[in-house]
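Below you'll find the structure, written out as structure tokens, and then a few comments.
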Amino acid sequence: MRSDRDIKNDILAELEWDPEVEMADIGVTVVDGAVTLSGSVPSYPERKAAERAAKRVKGVVSIAEDIRVRPANAPFCDDSSLAKRIAHVLEWDPALPHDLIQAEVRDGAVTLTGEVQWHFQRELVEAHVTRIGGIQSVTNLLTVTPHAARREVKREIVRALHRNADVEAANIDIDVKDGVVSIGGQVKAYYEKELVKNAVWKAPGVTAIEDHIKIG
């Protein structure tokens, strides 16, 4: 088992290595593999990039992200203006059911609600919003509309995991019921758990994931 000091040093090295992150004002603490990121960055995309960098480090079992967004020399943008910009961006993407999506903005913190048909649309909405200047945080509460799942969805998920060179598929347990997929078993690193979840979301008919995977 890796020591907290080694994990912290590797996270700091990964942050310094990642060109998407300006790590000067980011703090890292590690207790029993549980990581807390703190400090400030100039933009929300950089905040998410720091979180992704930490997830890539071996030995990380969980991440609490407490980084603040403090734009450098950026003009102030009130909540009403941010809401209008969000609506405009979503309307211009033909892949999104923008009329079914709502965005509430309070002090730069965005809460997304409504329905989409596929998980990739849920992620796409968040990606669009995070690129808007002045956003402090995004809470994605969009739900995936249930639709008929093919009977072989479990088999398709298992096959997808076996195709992934970075996942030990034999160590993953899959159970599917009414569009909800329960994943269990054990992986070696946090990023491997993310790979499993990404594979599951690509299956047709999946509306939610119950994550019981252990890292170790």
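Per the numbering used here, the very first residue in the sequence shown carries number 17; after that it's consecutive.
Yeah, the Cβ is synthetic: ideal placement off N, Cα and C, and Gly gets one too.
- Excluding the 5 residues flanking it on each side, Gln133 has same chain C-beta neighbours closer than 8 Å at Pro113, Val160, Thr161 and His163, in chain order.
- Pro220 has its alpha-carbon roughly 31 Å from the corresponding atom of Arg63.
- Between Thr52 and Glu81, the CB-CB gap stays under 9 Å.
- For Val197, the enclosing beta strand (DSSP E) has its first and last residue at Val196 to Val203.
- For Lys64, the three-state secondary structure derived from DSSP is helix.
- The three-state reading of DSSP puts Lys218 in coil, since its state is none of H, G, I, E or B.
- DSSP places Gln118 in the strand class (E or B) of the three-state scheme.
- Distance from the CA of Ala65 to the CA of Asp48, rounded to the nearest whole angstrom, comes to 23 Å.
- Contact annotation: the stretch 142–150 does not touch the stretch 166–180, with fewer than three C-beta pairs closer than 8 Å.
- By the criterion of at least three beta-carbon pairs nearer than 8 Å, the stretch 167–174 is not in contact with the stretch 17–36.
- At the C-beta level, Met17 and Gly232 come within 9 Å of one another.
- When Pro87, Pro35 and Lys74 are compared, the shortest CA-CA separation from Ser56 is found for Pro87.
- Looking at the DSSP output, Val126 shares a beta bridge with Val121 and Val154.
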